[in-house]
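S.K.: First residue of the sequence shown? That's 138 in the working numbering, and the numbers climb one at a time after it.
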Amino acid sequence: MAFNITSITSLIPTLRLYIEKNNETEAPTAVPSSEPSALPSAAPSLRPSLRPSSTPSLEPSSAPSASPTELRKAECKIRMYYEKKYCWHDDAANHKCNTDYKFCVTRKGEDLEMQDCGRDSKQEWRVIGRTVRPSKDKRMCWTRNGDRGIKIKECGGKDWKDQQFEGVCYSSKREIRPLGGKKWCLTSGHEPRKNEKCKFQECSKADNSNTHRW
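(1) So for N282, helix, strand or coil by DSSP?
(2) Can you list, in chain order, the residues of its chain with a C-beta nearer than 6 Å to that of E303? Leave out the 5 residues immediately preceding and following it.
(3) Going straight from the alpha carbon of C213 to that of K233, what length do you get?
(4) Which one of D253, T243, L249 has the shortest CA to CA distance from T236?
(5) Secondary structure at Q338, three-state DSSP: helix, strand or coil?
(6) Going by other Cβ atoms of all chains shown within 10 Å of its Cβ, with 16 needed for buried, is V264 buried or exposed?
(7) Start and end of the beta strand (DSSP E) containing T324?
(8) Cβ atoms of M251 and C340: under 8 Å apart, would you say?
(9) Name the residue from G318, K245, L323 whose alpha carbon lies nearest to the alpha carbon of K310.
(10) Just tell me which of A211, E261, L249, Q300 has its CA closest to the CA of K331.
(11) Could you have a look at D299 and say whether DSSP puts it in helix, strand or coil?
(12) So, helix, strand or coil for D257, using DSSP?
(13) Where does K222 sit, in a helix, a strand or coil, going by DSSP?
(14) Rounded to a whole number of angstroms, what is the C-alpha to C-alpha distance between N378 and Y219?
(15) Got a sec? Which residues, its chain only, sit under 8 Å from P271 by beta carbon, not counting five neighbours each side?
(16) Taking the alpha-carbon of I287 as reference, which of E333, F337, C306, K222 has the nearest alpha-carbon?
(17) Under 8 Å, do L208 and G266 count as touching if we go by C-beta distance?
(18) Here's the rule: buried if 16 or more other CB atoms are within 10 angstroms of the residue's CB, otherwise exposed. What is R350?
(19) Grouping DSSP H, G and I as helix and E and B as strand, with all else coil, what is R274?
(20) For K239, does the three-state DSSP call read helix, strand or coil?
(21) Label I308 either buried or exposed according to how many other C-beta atoms from any shown protein chain fall within 10 Å of its C-beta, with 16 as the threshold for buried.
(22) Three-state secondary structure (DSSP) at K290?
Structural data, given as C-alpha cells:
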C-alpha cells in the first residue's frame with residue numbers, strides 16, 4: 138500500500154497540538170466544584186443529658202484530718218506580757234511597782250492555769266497549724282469550752298473547730314484569740330496570781346488590767 142508522504146507531513150502539526158493539549162494539567166477553578174454542607178455529615182453519637190450524671194453529696198467524702206492545712210510549727214513557753222508600769226498588785230509584795238512578774242500558762246489536768254515561769258515541762262507548748270498542744274502529748278489540744286472556758290481535750294472530732302487559735306508562740310507580744318474570734322482574748326481576767334485559771338474574756342475588758350497579751 139503506498140502512502141502520500143506530503144499528506145502525512147501535513148498532519149504532523151495537528152497531531153502535535155493534540156498531544157500537547159492532552160498532556161496539559163488543568164488549572165484550579167476560582168469557584169469550588171460544590172458548596173459546603175450546612176449540616177454535619179453525621180449526627181452526634183449521644184445527646185446531652187438534661188440533668189447531671191450524679192447528685193452532689195450533702196456531706197464531704199471524708200472527715201478533715203487531725204492536722205490543719207496551715208503548716209506552721211513552733212514551740213515555746215507562753216508567758217503573759219508585763220511591763221512594770223502596769224504595777225500589778227500595788228501592795229507590800231510589789232512595793233513601788235518594782236516586781237517583774239513572769240507568769241506562764243501551765244497545764245493542770247485538763248485546765249490551764251497561771252504559774253511562775255520555770256523549768257516545768259507542763260509549761261512547754263507546741264503549735265501545729267492552728268492548734269496548741271502540750272509538748273509532751275501531741276494528741277491533746279487546747280479546746281475552747283463555751284465563750285469563756287478553755288480545756289485540754291483530745292485533738293480532732295467534733296471539737297476540731299474549737300481547737301483553732303491564733304497569736305500563739307510569736308517573738309513579739311500578741312493577743313491569743315480563737316481563730317476568727319476578734320472579740321475574745323485569752324487572759325486571767327484580772328491582775329494574775331498563781332494557781333488562777335486562764336479563760337477568755339472580751340478583749341476590751343482584759344485591756345483594763347493589761348492581761349491579754351502574751
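Ideal placement from N, C-alpha and C gives every residue a C-beta, glycine not left out.
M.R.: Here's the rundown:
(1) Counting from 1 along the sequence shown, the entry for residue 282 is found at position 145. It is a strand residue.
(2) The residue given as residue 303 occupies position 166 in the sequence shown. So the list reads R314, L316, once near-sequence residues are dropped.
(3) Here the question's residue 213 lines up with position 76 in the sequence shown. Here the question's residue 233 lines up with position 96 in the sequence shown. If you take the alpha carbons of C213 and K233, they lie about 31 Å apart.
(4) Walking along the sequence shown from the start, residue 236 turns up at place 99. Minimum Cα distance to T236 is reached at D253.
(5) Start at 1 with the first residue of the sequence shown, and residue 338 comes out as number 201. Looking at Q338 - three-state DSSP - the assignment turns out to be strand.
(6) What you label residue 264 is simply residue 127 of the sequence shown in a count that begins at 1. Buried is the call here.
(7) The residue labelled residue 324 in the question sits at position 187 within the sequence shown. Per DSSP, T324 belongs to the beta strand (DSSP E) from 321-324.
(8) What you label residue 340 is simply residue 203 of the sequence shown in a count that begins at 1. What you label residue 251 is simply residue 114 of the sequence shown in a count that begins at 1. Contact: no.
(9) Here the question's residue 310 lines up with position 173 in the sequence shown. Looking at the Cα atoms, L323 is the closest of the given residues.
(10) The residue given as residue 331 occupies position 194 in the sequence shown. Among A211, E261, L249, Q300, the Cα nearest to that of K331 belongs to L249.
(11) For the purposes of this step, residue 299 is taken as residue 162 along the sequence shown, with counting starting at 1. Reduced to three states, the DSSP call for D299 is helix.
(12) As a first step, residue 257 is located in the sequence shown; it is residue number 120 there, counting from the start. Three-state result, D257: coil.
(13) Taking the first residue of the sequence shown as 1, we reach residue 222 at position 85. If DSSP states are grouped into helix, strand and coil, K222 belongs with the helices.
(14) As shown, the chain starts at 138 and ends at 351. That puts residue 378 outside it, with no answer to give.
(15) Sequence index remark: in the sequence shown, residue 271 carries index 134 (1-based). Within the same chain, P271 has close Cβ partners R244, K259, E261, W262, R263, M277, I289.
(16) Along the sequence shown, one-based indexing puts residue 287 at 150. Per the Cα distances, F337.
(17) The sequence position of residue 208 within the sequence shown is 71, counting from 1. The sequence position of residue 266 within the sequence shown is 129, counting from 1. Yes.
(18) For this step, residue 350 is matched to residue 213 along the sequence shown. By the neighbour-count rule (16 or more Cβ atoms within 10 Å), R350 is buried.
(19) Your numbering for residue 274 matches position 137 in the sequence shown. It should be noted that the sequence gives Asp, not Arg, for residue 274. Coil at D274, not helix or strand.
(20) The residue labelled residue 239 in the question sits at position 102 within the sequence shown. Looking at K239 - three-state DSSP - the assignment turns out to be coil, as it is neither helix nor strand.
(21) Taking the sequence shown and counting its residues from 1, one reaches residue 308 at position 171. The amino acid at residue 308 is misidentified as Ile; the sequence shows Ser. It counts as exposed.
(22) Taking the sequence shown and counting its residues from 1, the one referred to as residue 290 is at position 153. In this structure, K290 counts as strand in the three-state DSSP scheme.
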